[in-house]
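Asks: All residue numbers for the sequence shown refer to this note's numbering, where the first residue is 1 and numbers rise by one.
Idealized CB from N, CA, C, for every residue including glycine.
Below are the structure tokens for one structure; questions will follow.
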Amino acid sequence: MKTVAVLGGGPAGASAAERLADAGLRTILFDEKLAWEKPCGGGLTYKAYTEYPYLLNNDTPKRLVHETVIGAHKAGDAKLTLDHPLVIYSRLELNRMLLERAEKAGAEIEKTRVMNIEQRENGWRLETKNGVAEADFLIVATGARNPLRTVGTEYKAADTMSALGYYVPAEQDRIDIQFLENLEGYIWVFPRSGHLSVGICGKGESAQALRLRLEAYMDERGIPRKDAKFYSHMLPSLESAGWKGNRVAGRGWLAVGDAGGLVDPITGEGLFYAIRSGDLASRVVLNDAHALADKAAVYRAAIAHEFAADLEFAAMLAKRVFLGKFLFRTVPQRMVHFMQRSPRFRELMQDLFAGTQPYSSLRNRLLRNLNGTLQEVIMQFFLDHVLPQNSRATP
Ligand SMILES: Cc1cc2nc3c(=O)[nH]c(=O)nc-3n(C[C@H](O)[C@H](O)[C@H](O)COP(=O)(O)OP(=O)(O)OC[C@H]3O[C@@H](n4cnc5c(N)ncnc54)[C@H](O)[C@@H]3O)c2cc1C
1 MKTVAVLGGG PAGASAAERL ADAGLRTILF DEKLAWEKPC GGGLTYKAYT
51 EYPYLLNNDT PKRLVHETVI GAHKAGDAKL TLDHPLVIYS RLELNRMLLE
101 RAEKAGAEIE KTRVMNIEQR ENGWRLETKN GVAEADFLIV ATGARNPLRT
151 VGTEYKAADT MSALGYYVPA EQDRIDIQFL ENLEGYIWVF PRSGHLSVGI
201 CGKGESAQAL RLRLEAYMDE RGIPRKDAKF YSHMLPSLES AGWKGNRVAG
251 RGWLAVGDAG GLVDPITGEG LFYAIRSGDL ASRVVLNDAH ALADKAAVYR
301 AAIAHEFAAD LEFAAMLAKR VFLGKFLFRT VPQRMVHFMQ RSPRFRELMQ
351 DLFAGTQPYS SLRNRLLRNL NGTLQEVIMQ FFLDHVLPQN SRATP
């Protein structure tokens, strides 16, 4: 293999290109926009920056956020201190940093749109706005709105969420997360350097309806929309059936990041999976032990083993998390109640925020802690309602 073309220069494409070029392979990355403010919260979990420390250790502007407040309809809210902060970037800055790393590693970077791809017996012919290019292998990193019809995830409506919001010129130190009545999705307020990213994602509801819900929330919280810039995009959220037939790789190509549907269907976290899949794809390309015809299967197995099997499992939980009922209340309401009262449950939520608690072992952890958590909840309820502050004996 002499030349690899990376189609798309977001976090997935830039990460793959950096590693391929670093290993000495001729790597050409095509992106029609290069660094841009892709609609996104921009939040990176502890899992992401411990695996890739350069995401933390750099001069690029970012915010480290140590506190989040989680609220649910008619349940109030609960504060969570994050031992491992969430790192929040503007996407313009993050994309620029990752593209610069790829360029420094030796990738050739071309600002152009890939219009068409055609597979030949021994490689690919690409038509771009600038002309024609050839490559032996493709990394498809064109994001959720991949315009190339023959490669990458074939999204059905059920496999996506609408996501939209505003960049608000304001400051705050904490993250807010709000669950809403009858919505498979949530609202977020992410503080970034110099502005807030305030957004909503949801499945099964029109973008217009989501926008109304978000604007009502902003009005209620006094978050101004004057001078705020509106954004919207598609957020992958594959259902179980979507994962089963997911077209993530084929002969001569591997899809990474959103182009392969690699996003947490509950939280919408995609940045880590974009960077990680770019990394894994580059390793599969570079490994001479696999014949070209085997690379798709090897890559599928690698991502399944690392995270895709867990995300597929999360797809089964998603509806229950947002819309399910537990002890006569919705699951988000109970989550807030438990967080208000149980340190053990708060610890679990911390790990979910850090990205260190896989969905596959969540049930066992909950069961293991159930006794202690319920005791804590009942004890706190007793203190709040039976023995209010001024009636407790002072030591
Ligand atoms: C509103 C919203 C909020 C989100 N918040 C978070 C968050 O806080 N944390 C998190 O982890 N994830 C978040 N995500 C998910 C995250 O944004 C994506 O998972 C991530 O951007 C995927 O990276 P990518 O490189 O695969 O794709 P992208 O970032 O979409 O990059 C694709 C690139 O391909 C280029 N491209 C596309 N087609 C062509 C073409 N034909 N020719 C040339 N170039 C092309 C585009 O210009 C683009 O630069 C959010 C998503 C949305 C929509």
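What I want to know is whether the C-beta of Asn95 ends up closer than 8 Å to one or more non-hydrogen atoms of ligand 1.
Replies: Yes, since a heavy atom of ligand 1 falls inside the 8 Å radius drawn around the Cβ of Asn95.
Asks: Gln340: buried (16+ other C-beta within 10 angstroms of its C-beta) or exposed?
Replies: So Gln340 counts as buried.
Asks: Could you tell me if the beta carbon of Thr45 falls within a distance shorter than 8 Å of some heavy atom in ligand 1?
Replies: The answer is yes for Thr45.
Asks: Taking Cβ to Cβ, would you say Ile187 is nearer than 9 Å to Glu67?
Replies: It is not a contact, given that the beta carbons lie outside the stated cut-off.
Asks: Among residues of its own chain, excluding the 5 on either side of Glu239, which ones have a beta-carbon nearer than 7 Å to its beta-carbon?
Replies: If we look at Glu239 and ignore the five residues flanking it on each side, its Cβ neighbours are Ala158, Asp159, Ala315.
Asks: Compare the Cα-Cα distances from Ala228 to each of Val168, Glu220, Gln172, Ala249 and report the closest residue.
Replies: Closest by alpha carbon: Val168.
Asks: Starting from Leu212, trace the alpha helix (DSSP H) in both directions and tell me its first and last residue.
Replies: Leu212 -> alpha helix (DSSP H) spans 207-221.
Asks: Relative to the C-alpha of Lys319, which candidate in Lys203, Asn146, Val256, Glu154 has its C-alpha closest?
Replies: Closest option to Lys319, Cα to Cα, is Lys203.
Asks: Between the beta-carbon of Arg329 and the beta-carbon of Asn369, is there less than 9 Å?
Replies: Going by C-beta atoms, Arg329 is not nearer than 9 Å to Asn369.
Asks: Grouping DSSP H, G and I as helix and E and B as strand, with all else coil, what is Gly131?
Replies: Gly131: strand per DSSP, three-state reduction.
Asks: Leaving out five residues on either side along the sequence, give the residues of the same chain with a beta carbon under 8 Å from the beta carbon of Leu80.
Replies: Glu67, Thr68, Val69, Ile70, Met339, Arg346, Met349, Gln350, Phe353, listed in sequence order.
Asks: Would Phe137 and Trp36 be called neighbours here (beta carbons separated by less than 9 Å)?
Replies: Against a cut-off of 9 Å, the Cβ pair of Trp36 and Phe137 comes out as no contact.
Asks: Indicate whether the contact test is met: 3 or more Cβ pairs, each with one atom in the region 147-157 and one in the region 121-128, closer than 8 Å.
Replies: Not touching, per the Cβ criterion.
Asks: So for Lys47, helix, strand or coil by DSSP?
Replies: The answer is helix: DSSP assigns Lys47 an H, G or I state.
Asks: On the three-state DSSP scale, how would you describe Thr373?
Replies: Three-state result, Thr373: helix.
Asks: Can you give me the start and stop residues for the alpha helix (DSSP H) that His337 sits inside?
Replies: Here the alpha helix (DSSP H) through His337 covers 331-341.
Asks: By the DSSP assignment, the alpha helix (DSSP H) with Ser282 in it spans what residues?
Replies: Run containing Ser282: 271-286, per the alpha helix (DSSP H) assignment.
Asks: Does DSSP put Pro395 in a helix, a strand or coil?
Replies: Residue confidence for Pro395 is low, a pLDDT of 45 falling below 50, so the modelled location carries little weight; the figure read from the coordinates is stated next. It is coil, neither helix nor strand.
Asks: State the DSSP-derived secondary structure class of Gln350, mapped to helix, strand or coil.
Replies: Reduced to three states, the DSSP call for Gln350 is helix.
Asks: Return helix, strand or coil for Asp396, following the three-state DSSP convention.
Replies: Nothing can be reported for residue 396: it is not among the residues displayed for the chain, which extend from 1 to 395.
Asks: State buried or exposed for Thr45, treating a residue as buried only when at least 16 other CB atoms are found within 10 Å of its CB.
Replies: Buried is the call here.
Asks: Hey, how far is the Cα of Asn364 from the Cα of Glu108?
Replies: Their Cα atoms are separated by approximately 47 Å.
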